[in-house]
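**Q**
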Amino acid sequence: LQAPAQTPAPPAPPQPRADDDWLLPPPSQHQPPQAPPQHQGPPPQQQQQAPQPPPQQFQPQPPQAPRSWSAVVGPDRAYFMAMMQRSGPEATGLNLPAYSPDKHLPLQGNQISIGRRRHSTGESPDIDLSVPPEDPGVSHQHAVLVQQPDGSWAVVDQNSTNGTTINGGEEPIQPYVPVQLQDGDRVHVGAWTTITIRQD
């Protein structure tokens, strides 16, 4: 009686083990495919990040490229008339030059001095307004155009006698304080001289 009872028992344990063996592989097979998509995820992000540096490299180039500036110097009737009204009787002896061609000067170097040549020493500024028609309202050391780090220019009044105004303003700028200039700005010095700043 014992022998038949023992015979069905041995085959029973291997069957659940066999089932356990078959249950384990499927999750392990599903895990490897999950890993590649995780690794494939970063490459598109890296591809998106890669194009970003080039635009940043191109952005600083445009302001650096156009560094060519020039000054157009000549008599300005509107400025002269406004100055005459502000000055009063002491300016009655001044007369606007009948004709004087504009002078075009490239702005080169770190600074451009504006003034009138000293006949005693021969010292001459970069923009010499003592040449005919001489502007008597300009000081020997009137103002300076100073180049900025970005290539643009600013004007600094050198504590001139009659001051420096910008774009038809009535109040002169403060001495020794740089004033940033934009393309087309007009710097007024002396009795009738206007210096127009141009970006070429």
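Take any residue in the sequence shown, note its place counting from 1, add 2, and you have its number in our numbering. From the three backbone atoms N, C-alpha and C, an ideal C-beta is built for every residue, glycine too.
Buried or exposed: SER141, going by 16 or more other Cβ atoms within 10 Å of its Cβ?
**A** buried
**Q** To test your reading of the DSSP string, which unbroken beta strand (DSSP E) runs of 3 or more residues are found completely within the region 113 to 163?
**A** 113 to 117, 145 to 149 and 155 to 159
**Q** Do VAL75 and THR167 have their beta-carbon atoms positioned less than 9 angstroms apart in this structure?
**A** no
**Q** Given a cut-off of 9 angstroms, decide if SER115 and PRO77 are closer than it, judged by their beta-carbon atoms.
**A** No.
**Q** Measure the Cβ-Cβ separation of ALA73 and ILE129 and say whether it is below 9 angstroms.
**A** yes
**Q** To test your reading of the DSSP string, which unbroken beta strand (DSSP E) runs of 3 or more residues are found completely within the region 80 to 115?
**A** If we require 3 residues or more, the beta strand (DSSP E) runs fully inside the region 80 to 115 come out as 105 to 109.
**Q** Decide if ALA80 is buried, meaning its Cβ has at least 16 other Cβ atoms within 10 Å, or exposed.
**A** Classification of ALA80: exposed, given that the 10 Å Cβ count is below 16.
**Q** Starting from SER72, follow the beta strand (DSSP E) in both directions and report where the run begins and ends.
**A** For SER72, the enclosing beta strand (DSSP E) has its first and last residue at 71 to 77.
**Q** Take PRO135 and list the residues in its own chain whose beta-carbon comes closer than 6 angstroms to its own, dropping the five residues that flank it on each side.
**A** Its chain contains PRO99 and SER102 as the residues whose beta carbon lies nearer than 6 angstroms to that of PRO135, once the 5 sequence neighbours on both sides are disregarded; these appear in chain order.
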